[in-house]
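Going by the numbering used here, 768 is the number at position 52 of the sequence shown; the sequence numbering is gapless.
We treat Cβ as the ideally placed atom computed from N, Cα and C, and that holds for glycine.
Structure first, then comments.
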Amino acid sequence: MLLRYVIRNLARHPLRATLTILAMSIIILAFGLLRTTVASWYADSLGTPPDRLRTRHAVSISFQLPVIYQQRIASVPGVAGISYANWFGGRWKDGKAFFPRYAVEPVSYLELHPEIQLSPSQREAFLRDRRACIVGRKLADKLGWDVGDIVRLQGSLYPGDWEFTIRGIYSTTSPTTDEGSLYLHWVAIDEQRRIEDRDRAGTVGWFVIRMANPEQAAQISEAIDRTFTNSMAETRTETEQAFRANMATMSGAVIRAIEIMSFLILGISLLIVANAMAMTVRERHHEYGILKTLGFRASHLGFLIFGESVCLALFGGILGVVLTYPASKGFGMFLTSNFGGFFATFELPVQLPVLAILISVGIGLLGAVIPFFLCLRSRIRDELRHVG
């Protein structure tokens, strides 16, 4: 019987109930998108192959390593393959369209990254032309590029105007590998450095290493770093998963801000529900006084108040979860299209809907605590005199 009264009470102020449910749904929607953003930020590091290592400068990735380290690393027991890469930088047109640009040793890099899929003809064309580049499918679709087009970049790390011919458009077999990057030949930039910047000639940003046995990652990493101890450029070697996680942590302040924001909006939702229930209880003082006179106990009143509060929050939470699915697709397309280097994938965590529903129930319960105790503390005489 009490449950029937809870449902009927929800309809007594349809406008207030509707606005509360909508506010709650919007907050749960925002919470879902923010939490998915955080999860997707770190997802890139979780889906990396377990057999790859990255070797960079021990001080910072912004420092270069001599390319001649390649032979010494390749001779370390347990190393089955090695390549190297460099951040190219540069700016395309007005610089508003950001996308990662890497200079790599193409043959070994593609061998170590089989998830980068190219047709045999495009692969051969890319390997043959030092002024060639390949771009991801998403990037090509976004900027309207096709095979044979000329990409003109204004140098930043490497001054000058650079032109590269698109020889291939790659796709990927890994959900954590983005299709929004551009790859060019490392030798193309090194040739120019040997003329204009000899101090940086013959250097790379990092080495990519394939292990024969991923279970020996710690031993191989230690052996590589020990090889260059006390050298002019000491190294730090770690698994690719750890490397990408550290890269993500460099923007930790942004991620922490998003995480804090996701919990702050839950606090706002608690205030909204608590305010709605406070107004409801205040308006029904007279009714609660009559119920107390008729012998209804605190548990009965609590069921009415907490039940209505939980229903409001729960309905809003369910609506928010339902809206999160289409919203995440649109928001995910925006992030992967414009920030593919940071968000290779954008998918709702499996546990998020359940978490959102549990949070909604929790907010409903907490939002009714103060109104319920105010109701209990009110004297029957005062409640019967109340006209609301």
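Keeping to the same chain, check which residues put their C-beta closer than 6 Å to that of residue 916; ignore five residues upstream and five downstream.
Result list for residue 916: 909, in chain order.
Residue 931 versus 767, 724 and 738, residue with shortest Cα-Cα distance
Cα-wise, what sits closest to residue 931 is 767.
Quick one: residues in its chain with C-beta nearer than 7 Å to the C-beta of residue 823, no 5 flanking neighbours on either side, listed in chain order?
Excluding residues within five positions, the ones whose Cβ falls inside 7 Å are 843.
Since residue 782 and residue 949 should fall inside the 8 Å C-beta cutoff, what is the C-beta to C-beta distance between them, to a whole number of angstroms?
Yes, they are in contact, since the Cβ atoms of residue 782 and residue 949 sit about 6 Å apart, within 8 Å.
Neighbourhood of residue 988 by C-beta distance below 6 Å, restricted to the same chain and skipping five residues each side:
Sequence-distant partners of residue 988 (beyond 5 residues in either direction) whose C-beta falls short of 6 Å from its own C-beta, in its chain, are 739.
Residue 758 by DSSP, collapsed to three states: which one?
Of the three classes helix, strand and coil, the one that applies to residue 758 here is helix, per DSSP.
Those runs of the beta strand (DSSP E) which lie wholly inside the segment 866–941 and span at least 3 residues
As far as the segment 866–941 is concerned, its whole beta strand (DSSP E) runs of at least 3 residues are 866–870, 877–888, 898–901 and 922–927.
Would the segment 1042–1051 and the segment 937–953 be scored as touching if the rule is three or more Cβ pairs under 8 Å?
Verdict: no, contact absent.
Whole angstroms is fine: what's the gap from residue 1033's alpha carbon to residue 984's?
One alpha carbon belongs to residue 1033, the other to residue 984, and they sit about 14 Å apart.
Inter-residue Cα distance where the pair is residue 1083 and residue 962:
C-alpha of residue 1083 to C-alpha of residue 962: approximately 40 Å in a straight line.
Is it true that the CB of residue 986 sits closer than 8 Å to the CB of residue 1026?
Not closer than 8 Å, so no.
Closest Cα partner of residue 1020 within the set 1071, 1085 and 750
Checking every option, the nearest Cα to that of residue 1020 belongs to 1085.
Residue 1089 burial status per 10 Å Cβ neighbour count (16 or more: buried):
Residue 1089 is exposed by the Cβ-count criterion.
Please state if the CB of residue 801 and the CB of residue 920 are separated by a distance shorter than 8 Å.
Between residue 920 and residue 801, the CB-CB gap stays under 8 Å.
Would residue 755 pass as a contact of residue 1065 if the rule is Cβ separation under 8 Å?
Residue 755 places its beta carbon less than 8 Å from that of residue 1065.
Tell me which same chain residues have a C-beta within less than 6 Å of the C-beta of residue 774, skipping the five on either side of it?
Excluding sequence neighbours, residue 774 sits near 950, 951 and 952.
So, with DSSP's three-state summary, where would you put residue 820?
In the three-state reduction of the DSSP assignment, residue 820 falls in the strand class.
Quick one: what's got a C-beta closer than 7 Å to residue 753's C-beta in the same chain, skipping five residues either side?
Taking C-beta separations shorter than 7 Å and ignoring five residues to either side along the sequence, the partners of residue 753 in its chain run 974, following chain order.
For the alpha helix (DSSP H) containing residue 1077, list its first residue and its last residue.
Start and end: 1068–1083.
Let me know if residue 979 comes out buried or exposed under the rule of 16 or more other beta-carbons within 10 Å of its beta-carbon.
Counting of Cβ neighbours within 10 angstroms places residue 979 among the exposed residues, the total staying below 16.
According to DSSP, is residue 949 part of a helix, a strand, or is it coil?
Secondary structure of residue 949 (DSSP, three-state): coil.
Which term fits residue 1013, buried or exposed, when burial requires 16 or more other beta carbons within 10 angstroms of its beta carbon?
So residue 1013 ends up on the exposed side.
If we ignore side chains and look at the alpha-carbon of each, how far apart do residue 1092 and residue 723 end up?
The C-alpha of residue 723 is placed about 22 Å away from the C-alpha of residue 1092.
When the Cβ atoms of the segment 791–807 are set against those of the segment 936–943, are three or more pairs found closer than 8 Å?
Taking 8 Å as the limit for Cβ pairs, the verdict is that the segment 936–943 does touch the segment 791–807.
Taking only the alpha-carbon atoms, compute the straight-line gap between residue 776 and residue 1063 and give it to the nearest angstrom.
Using only the alpha carbons, I get a separation of about 31 Å.
What's the C-alpha gap between residue 730 and residue 998?
One alpha carbon belongs to residue 730, the other to residue 998, and they sit about 17 Å apart.
Please give the ranges of any beta strand (DSSP E) in the segment 798–868, keeping only runs that are unbroken, at least 3 residues long and fully inside the region.
As far as the segment 798–868 is concerned, its whole beta strand (DSSP E) runs of at least 3 residues are 817–820 and 848–852.
Residue 728 - DSSP class collapsed to helix/strand/coil:
The three-state secondary structure of residue 728, taken from DSSP, is coil.
Report buried or exposed for residue 977, applying the criterion of at least 16 other Cβ atoms within 10 angstroms of its Cβ.
Exposed is the label assigned to residue 977, since fewer than 16 other Cβ atoms lie within 10 Å of its Cβ.
From residue 737 to residue 1087, what distance separates their C-alpha atoms?
Between residue 737 and residue 1087, the C-alpha separation is close to 18 Å.
Alpha carbon to alpha carbon, how far is residue 993 from residue 1072? Give it in angstroms, no decimals.
Cα to Cα, the separation comes out at about 21 Å.
Comparing alpha-carbon positions, which option in 958, 797, 914 and 898 lies nearest residue 927?
Measuring from the Cα of residue 927, the nearest candidate turns out to be 797.
By how many angstroms is the C-alpha of residue 859 removed from the C-alpha of residue 846?
Rounded to the nearest angstrom, the two C-alpha atoms are 23 Å apart.
Three or more C-beta pairs closer than 8 Å, one from the segment 806–816 and one from the segment 826–842: is that the case here?
No, the segment 806–816 is not in contact with the segment 826–842.
Out of 873, 905, 894 and 883, state which residue places its alpha-carbon closest to the alpha-carbon of residue 862.
Of all alpha-carbon atoms in 873, 905, 894 and 883, the one lying nearest the alpha-carbon of residue 862 is that of 883.
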